[in-house]
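Chains as they are written, first to last, in this note's numbering: chain A, 1 to 345; chain B, 346 to 693.
Cβ coordinates follow ideal geometry from the N, Cα and C atoms, glycine included.
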Amino acid sequence: MTTTTTPQTQQPAATPRVSFWRDEAKEPWRRNLALIGVLILLFIIGAVIRPELYGDPKWVFDNMMVILQQASAIGVVTVGMTFIIIGGGIDLSVGALIALAGVWCTTVATQSFGSAGMIFTAVAVGVGAGLVNGVLIAYGRLVPFIATLAMLVAARGLAARISGKQTQVSTDQFINSIASTRPFGIPMLALILVAVAALGWVLLNRTTFGRRTVAIGGNAEAARLAGINVRRHTMLLYALSGLCCGIAAIMLTSLATSSQAAAAELYELDAIAAAIIGGTLLTGGRGTIVGSMIGVVIFATITNLFAITNTPTEAQNMVKGGIIVLAVLIQQLKFKSVKQMLIRT
Amino acid sequence: MSTPNLSRRSALFGAAALGTLAVASACTSNETPNNTQTKGADTNNPNAAAGKQVTIGFSAPAADHGWIAAITNNAKAQAATYKDVTFKQVEAGKDAAAQRAVLETLIAEKPDVIVLLPHDGKELNAFGLKAMAAGIPVVNLDRAFPDALAYRCQIKGDNYGMGVAAGHYIGKALKAKNIASPVIGEIAGMDELELTQERSQGFKAALATYGFTVSNRRAARFTADSGQAEATGLFQALNKIDAVWNHDDDQGIGVLAAMNSSNRKEFLLVGGAGSKAAIEAIAKDDSPLKATVTYSPSMASSAISLARLIGQSKGMADLVELQVPKEIILASETITKENASTYLRLGF
């Protein structure tokens, strides 16, 4: 999957200096810069419409923190989703798994075990359901789209059964306080997101696990021939996504001080969209955690901007949908032009 | 090679995961408090005496929402209070088409009366007509059939009235505080539903009589997490708020969470629907939640009582008419600290 054409050994002095804007290896950097440009543009739009708010530095900082807080749960899910998509798969069940893990960890029985019991349950349910996804896809040879779609329906059903279709309020002081704690003015949930994203970055870029993920997503057959246990790795990827859902379930339970079967509606769409906007190739083999995280922040900023400008929800959904289509279109065009370039040379 | 080792390891890992799930599955039990809104037999009521045996067929959507759950629980519980009622519930399935399919089989079983909360009144109107033509009276619950021939009796809540009640409560309270141009926020429910639009229209109209308008309106999804998200957005948009109406007490749990985490309590909060938790909070009077306007699922209990009377060809004892009326619209009541104790029984 490498596209670099720079000769390195023969004539080091004559190595053509590829500019930052042309170098294919720098593509993620350029993309992230462009995304940050989009963030700045969103900020300017807000400042033009509500100058009295954006003129107040205290409000601006506070608002940024609120955006990060609101992006935190979906951000954690997106880290898992980025791994899945880079590995050539898709996970449509993330929202449902959050609801299931959230409901399971807020039952009266689980809450009686205290905060640790709640966290353990949420994570165990997430990983367990993720493993089921993984086993079905890797060993049962189900298409990821179908397997996780089935899990989406089943997990929401189970969540509704467990909760008796009621909203389950969390009475655990520690869990509830996570969302309202702000060390150094930074929301605890945002710090958790940063920690998870950092771990995800290390896992993707500095470990064999990460390299295998990229290899499998790039070409599963080649990865298998190279000696990678593709099935086991695929299974682990879905378990990883499930783990992220478990963590996100705790975060969302803390934010809403409750959980219910209908919670985390359409999180799968938001997570997939954020990953794509961040440059993760839907066909697998390529993507960055940093890009995905900026994608998440862009989505949260748009939501925030719509609230601040008092724009109706339907407009928000239309814009979100439009952005997703645009991001995929740009991705395809780029991919095509890279291919054409390779054919020409 | 190490392959056998690996598979043994993964087997162990798998077993550990299964064990964890098994342990966790022990954690699914929920105490289900007996929290239904029913009315037991009143001995002074001539209708209380057991009469002709009536079989009531019942169908309501199985949504993941407290209100709908309360509807089904209430219907069941109310039916259980009558010795002369056989309650036959059919699952409503996922959507209007699925509900229509199961209702077809219900007609074939020929119950005496059918109580129906349709997925969509317009889409199931044809079923109402068919059941009525087959000689089975239909009690249409909440989501109305457009065609008057499709039901024998219709009992529903008043969404527009709910908005009006909330608007009047907020209007009066702010007038009393002498606030000339108040900042009023609204956190609506699912925006694509007609009922949400009606509630918002009523709210707007009532506020207009005081010369007030809504400064910012956010639409949540009737869930606590969406309520939290939309309330947070609202608080960012408005630096100082005088009053907020939140359409639904279930999503209100999230609204309260957002208020706590962003430390915004300067305003007057009015809820909607009338959940038990909200009524308790109003009675306690230690939060900005000062009132809630009802849209009570107790209507399901009343629908069963009406169905029984229709099945036995009796009227409502207090009224002069010998038969049950054709239409009953519940008034949206405003629950405040003063009357919270009376309404606690109706909280769901």
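- Taking a contact to require three or more Cβ pairs closer than 8 Å, the stretch 78–85 of chain A and the stretch 313–320 of chain A do not qualify as touching.
- Per DSSP, reduced to three states, the secondary structure at A/R286 is coil, with no helix or strand assignment.
- Around the Cβ of B/T687, a 10 Å sphere holds fewer than 16 other Cβ atoms; the residue is exposed.
- In chain order, G126 and V127 place their CB closer than 6 Å to the CB of A/L243, counting only its own chain and leaving out the 5 sequence neighbours on each side.
- Burial state of B/T554 is exposed, judged by a 10 Å Cβ sphere holding fewer than 16 other Cβ atoms.
- With fewer than 16 other Cβ atoms inside 10 Å of its own Cβ, B/Q398 counts as exposed.
- If you ignore the 5 residues before and after B/L469, its C-beta comes within less than 8 Å of the C-beta of A441, Q444, R445, L448, L461, P463 and F490, all in its own chain and listed in chain order.
- Separation of the CB atoms of A/I302 and A/L42 is rounded to 7 Å, and the pair is thereby assigned contact status at 8 Å.
- Taking a Cβ-Cβ cut-off of 7 Å, A/A226 has no neighbours in chain B, whose nearest Cβ is about 15 Å from it.
- Given a length threshold of 4 residues, each whole run of the alpha helix (DSSP H) inside the stretch 462–523 of chain B is given here in chain order: 470–478 and 504–521.
- Annotated as distal: B/Q573 and B/G534, with beta-carbon spacing of 8 Å or more.
- By the C-beta criterion, the stretch 253–261 of chain A is judged to be in contact with the stretch 595–612 of chain B, since at least 3 inter-stretch pairs fall below 8 Å.
- Taking 8 Å as the CB threshold, B/D631 stays off the interface with chain A.
- A/E265 has its alpha-carbon roughly 11 Å from the corresponding atom of B/F567.
- In the DSSP assignment, B/V638 falls within the unbroken beta strand (DSSP E) covering L634 to T639.
- With contacts defined by Cβ atoms closer than 8 Å, A/A179 and A/V103 do not form a contacting pair.
- Judged by pairs of C-beta atoms under 8 Å, the stretch 581–593 of chain B touches the stretch 526–540 of chain B, as three or more such pairs exist.
- A/V38 carries a helical assignment under DSSP once its states are collapsed to helix, strand and coil.
- For B/I500, none of the residues of chain A pass the 7 Å Cβ criterion, the least Cβ distance being about 22 Å.
- Listed in chain order, the positions of the stretch 292–324 of chain A with a beta carbon within less than 9 Å of a beta carbon of chain B are T303, N304, F306, A307, I308, T309, N310, P312, T313 and E314.
- Under the Cβ criterion of 8 Å, B/G616 is not counted among the residues facing chain A.
- Residue-level contact by beta carbon holds for A/S180 and chain B, with a gap shorter than 8 Å.
- The three-state secondary structure of A/Q166, taken from DSSP, is coil.
- Sequence-distant Cβ neighbours of A/M81 in its own chain, meaning closer than 7 Å and more than five residues away, are D91, V94, S241, A271, I272 and A275.
- What B/N605 touches in chain A, judged by beta-carbon distance under 9 Å, is N176, A179, S180 and T257, going in chain order.
- Within the model, the alpha-carbon separation for B/S647 versus A/N304 is close to 43 Å.
- Straight across, the Cα-Cα distance linking A/V60 with A/V143 is about 45 Å.
- With 16 or more other Cβ atoms inside 10 Å of its own Cβ, B/A424 counts as buried.
- Cβ-Cβ distances below 6 Å link B/I673 to I500 in the same chain, with the five nearest sequence neighbours on each side left out; the list follows chain order.
- If you draw a straight line from the Cα of A/T288 to the Cα of A/G279, it is about 7 Å long.
- As a beta-bridge residue in DSSP terms, B/T679 pairs with B/V638.
- DSSP places A/Q332 in the helix class (H, G or I) of the three-state scheme.
- The C-beta of A/K165 comes closer than 8 Å to at least one C-beta of chain B.
- Secondary structure at B/N591: strand, using DSSP grouped into helix, strand and coil.
- By the neighbour-count definition (other C-beta atoms within 10 Å, threshold 16), B/L494 is an exposed residue.
- A Cβ of chain A is located within less than 8 Å of the beta carbon of B/T568.
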